[in-house]
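Shown next, in structure tokens, is the structure this report addresses.
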Amino acid sequence: MQQVQAIVARAKGAPVEMVTINIPDPGPGEAVVKIQACGVCHTDLHYREGGINDEFPFLLGHEAAGIVEAVGPGVTDVAPGDFVVLNWRAVCGNCRACDRGEPWYCFATHNATQKMTLADGPDAGTELSPALGIGAFAEKTLVAAGQCTKVDPEARPAAVGLLGCGVMAGLGAAINTGAVGRGKSVAVIGCGGVGVAAIAGSALAGAHTIIAVDIDPKKLKKAKAMGATHTVDSSATDAVAAIQELTGGNGADVVIDAVGRPETWKQAFYARDLAGTVVLVGVPTPDMKVPDIPLIDVFGRGGSLKSSWYGDCLPSRDFPMLVDLYRQGRLDLDAFVTEEIALGDVEAAFEKMHHGDVLRSVVVL
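If you want it as structure tokens, here you go:
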């Protein structure tokens, strides 16, 4: 066992704290990873606010890259010294999804078995709940070895670590879930980190029309820089009508809702062409309901209404490929890194996130 510094959320809505935690030696199927960089994702804020569950205290952070320090018995896919991007869907290999050759849908993903704990104070020994089974706002963390994906060690950790969640979710929503390809038209509603990644993925896949929709001019400007061919300020313009006008009156082939609210999902539904696809990748809250849409419209428009789980990615397949594209200059992951910060600056990064000032703040250790 060893002790490291880490960022923990002790109670709902309370500011995060830097504390000392205990990292167990890796057991069977586990790995200890020395964290080099970790993005500040909105999901971490959801954990702090009690929006995921109430299993406090949480060890926050999950969009991370680092170096494998040690592995437990039975680990063969990674070894000490490997540069890895962490993921939160370590596939099991034998559930019904894996058995039918669709491991990106794995229904039995797993995390480390042992628990990291608080090291000091009256609550020393209290087990921590790692965000998305990772907990990477820490000098080191313990994960299942399957959560480690080897990538090109020459890649910049602050950039490629973002594949661990938001950037992969957006890229995958376009390429994997939405099947965007050459000649397709795409609209993306919501241009935060995930939405801009969906725009970048659509451009990478060869879409000819890519429409970015948001209410924030700063976000629309970033979307344009990442590949959007058109922008729509939906605070001043009806988004559905604007998307239809930009696609010859038809609607887009694929509309991606990167917000995850009933009103944006309804916009996505009506902004697509006949037989088009809606992809929901923005995460709704448990109280939100599917909007009131006549069933005849669902039938009459045809097409597909899809949800995108983690961009329907398979980390072992997608992470190395995307890192290679980044290294070739074909995918600008650096553009997602707005600022590099220290471990103690996470609370301030949450505040910047509220104001829409950043795509990603990235903790660099």
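Residues in the sequence shown are numbered consecutively from 1, following this note's numbering.
Ideal placement from N, C-alpha and C gives every residue a C-beta, glycine not left out.
All figures in this text were calculated on a predicted structure; none of them were measured in a lab.
Which residues DSSP lists as bridging residue 210, in chain order | Taking the sequence shown and counting its residues from 1, one reaches residue 210 at position 210. Per DSSP, 186.
Count the CB pairs spanning the segment 237-254 and the segment 173-191 that are closer than 8 Å, and state whether there are at least three.
-> yes
Among 68, 135, 318, which has the Cα closest to the Cα of residue 371?
-> The structure shown has nothing for residue 371, since the chain only spans 1 to 365.
How close, in whole Å, do the beta carbons of residue 132 and residue 21 come, if the pair is a contact with beta carbons under 8 Å?
-> Position 132 of the sequence shown holds residue 132. Position 21 of the sequence shown holds residue 21. Not quite, the Cβ-Cβ distance comes to about 17 Å (not below 8 Å), so this is no contact.
Burial state of residue 79, where buried means 16 or more other Cβ atoms lie within 10 Å | Start at 1 with the first residue of the sequence shown, and residue 79 comes out as number 79. Exposed.
Other residues of its chain near residue 340: CB distance less than 7 Å, five sequence neighbours each side excluded = Translated into the one-based positions of the sequence shown, residue 340 becomes position 340. Closer than 7 Å at Cβ, skipping near neighbours: 158, 362, 364.
Taking the C-alpha atoms as reference points, what is the distance between residue 197 and residue 300?
-> To locate residue 197, count along the sequence shown from 1; it is residue 197. To locate residue 300, count along the sequence shown from 1; it is residue 300. Roughly 31 Å between the two C-alpha positions.
DSSP beta-bridge partners for residue 165?
-> To locate residue 165, count along the sequence shown from 1; it is residue 165. DSSP output for residue 165 lists no bridge partner at all.
Determine, using beta-carbon pairs with one atom in the segment 345-356 and one in the segment 323-337, whether at least three such pairs fall under 8 Å.
-> no
Does the segment 274-283 touch the segment 135-144, meaning 3 or more C-beta pairs lie closer than 8 Å?
-> no
Alpha carbon to alpha carbon, how far is residue 130 from residue 224?
-> Against the sequence shown, residue 130 aligns to sequence position 130. Against the sequence shown, residue 224 aligns to sequence position 224. Roughly 35 Å separates the two Cα atoms.
Residue 315 and residue 290 look like a contact to me (Cβ under 8 Å); what is the Cβ gap, rounded to whole Å?
-> The sequence position of residue 315 within the sequence shown is 315, counting from 1. The sequence position of residue 290 within the sequence shown is 290, counting from 1. Actually they do not touch by this definition, with Cβ atoms about 30 Å apart.
Using a Cβ-Cβ distance under 9 Å, would residue 9 count as near chain D?
-> In the structure shown, chain D cannot be found, because there is only a single protein chain.
Range covered by the beta strand (DSSP E) that runs through residue 2 = Locating residue 2 in the sequence shown gives position 2, where the first residue counts as 1. Run containing residue 2: 2-9, per the beta strand (DSSP E) assignment.
Label residue 53 either buried or exposed according to how many other C-beta atoms from any shown protein chain fall within 10 Å of its C-beta, with 16 as the threshold for buried.
-> Taking the sequence shown and counting its residues from 1, one reaches residue 53 at position 53. With fewer than 16 Cβ atoms within 10 Å of its Cβ, residue 53 is classed as exposed.
Quick one: what's residue 83 bridged to in DSSP?
-> Here residue 83 is taken as the residue at index 83 of the sequence shown, counted from 1. Answer is 67.
In whole angstroms, what separates the C-alpha of residue 151 from that of residue 206?
-> What you label residue 151 is simply residue 151 of the sequence shown in a count that begins at 1. What you label residue 206 is simply residue 206 of the sequence shown in a count that begins at 1. Cα-Cα distance, rounded: 25 Å.
Would residue 247 be called buried (16 or more neighbouring beta carbons within 10 Å of its own) or exposed?
-> Taking the sequence shown and counting its residues from 1, one reaches residue 247 at position 247. Result: buried.
Helix, strand or coil for residue 137, going by three-state DSSP, please let me know.
-> Indexing the sequence shown from 1 puts residue 137 at position 137. Coil at residue 137, not helix or strand.
Span separating the alpha-carbon of residue 304 from that of residue 180 | Start at 1 with the first residue of the sequence shown, and residue 304 comes out as number 304. Start at 1 with the first residue of the sequence shown, and residue 180 comes out as number 180. The straight-line gap from Cα to Cα measures roughly 13 Å.
For residue 57, count neighbouring C-beta atoms within 10 Å of its own C-beta (all shown protein chains included) and say buried if the count is 16 or more, exposed if not.
-> One-based indexing of the sequence shown puts residue 57 at position 57. Buried, since its Cβ has 16 or more Cβ neighbours within 10 Å.
Hey, how far is the Cα of residue 219 from the Cα of residue 307?
-> Walking along the sequence shown from the start, residue 219 turns up at place 219. Walking along the sequence shown from the start, residue 307 turns up at place 307. Near 23 Å, if we compare the C-alpha coordinates of residue 307 and residue 219.
Residue 155 vs residue 326 beta-carbon contact at 9 Å = On the sequence shown, residue 155 is found 155 positions in, with the first residue counted as 1. On the sequence shown, residue 326 is found 326 positions in, with the first residue counted as 1. Yes.
Let me know if residue 234 comes out buried or exposed under the rule of 16 or more other beta-carbons within 10 Å of its beta-carbon.
-> Start at 1 with the first residue of the sequence shown, and residue 234 comes out as number 234. Counting Cβ neighbours within 10 Å, residue 234 comes out buried, since at least 16 surround it.
How about residue 29 and residue 113: do their beta carbons lie closer than 9 Å?
-> Position 29 of the sequence shown, counted from the first residue, corresponds to residue 29. Position 113 of the sequence shown, counted from the first residue, corresponds to residue 113. Judged by beta-carbon spacing, residue 113 lies within the 9 Å limit of residue 29, meaning their Cβ atoms are closer than that value.
Confirm, please, whether the CB-CB distance from residue 311 to residue 171 is below 9 Å.
-> By one-based count along the sequence shown, residue 171 stands at place 171. By one-based count along the sequence shown, residue 311 stands at place 311. Their beta carbons are under 9 Å apart, which means residue 171 touches residue 311 by this criterion.
What are the residues that DSSP puts in a beta bridge with residue 22?
-> In the sequence shown, residue 22 corresponds to position 22, counting from 1. Per DSSP, 3, 117.
Using DSSP with H/G/I as helix, E/B as strand and the rest coil, what is residue 38?
-> By 1-based counting over the sequence shown, the position of residue 38 is 38. Correct three-state label for residue 38: strand.
Nearest neighbour of residue 217, chosen from 209, 203, 232, 227 [CA to CA] = For the purposes of this step, residue 217 is taken as residue 217 along the sequence shown, with counting starting at 1. Of 209, 203, 232, 227, the residue nearest in Cα terms is 232.
Based on the DSSP output, what are the partners of residue 368 in its beta bridges?
-> Shown here, the chain extends from 1 to 365; a query on residue 368 therefore has no answer.
Could you give the residue range of the alpha helix (DSSP H) that holds residue 296?
-> Here residue 296 corresponds to residue number 296 of the sequence shown, with the count starting at 1. Segment 295-301, the alpha helix (DSSP H) holding residue 296.
Could you check which residue in 284, 214, 228 has the C-alpha nearest to that of residue 237?
-> In the sequence shown, the residue the question calls residue 237 occupies position 237. Nearest option by C-alpha distance: 214.
Decide if residue 177 is buried, meaning its Cβ has at least 16 other Cβ atoms within 10 Å, or exposed.
-> Position 177 of the sequence shown, counted from the start, is the residue given in the question as residue 177. Residue 177 should be labelled buried.
If we count the other Cβ atoms within 10 Å of its Cβ and call it buried at 16 or more, is residue 1 buried or exposed?
-> Sequence index remark: in the sequence shown, residue 1 carries index 1 (1-based). So residue 1 ends up on the exposed side.
Three-state secondary structure assigned by DSSP to residue 252 | Counting from 1 along the sequence shown, the entry for residue 252 is found at position 252. Reduced to three states, the DSSP call for residue 252 is strand.
What residue from 7, 27, 42 has the CA that sits closest to residue 285's CA?
-> As a first step, residue 285 is located in the sequence shown; it is residue number 285 there, counting from the start. Closest option to residue 285, Cα to Cα, is 42.
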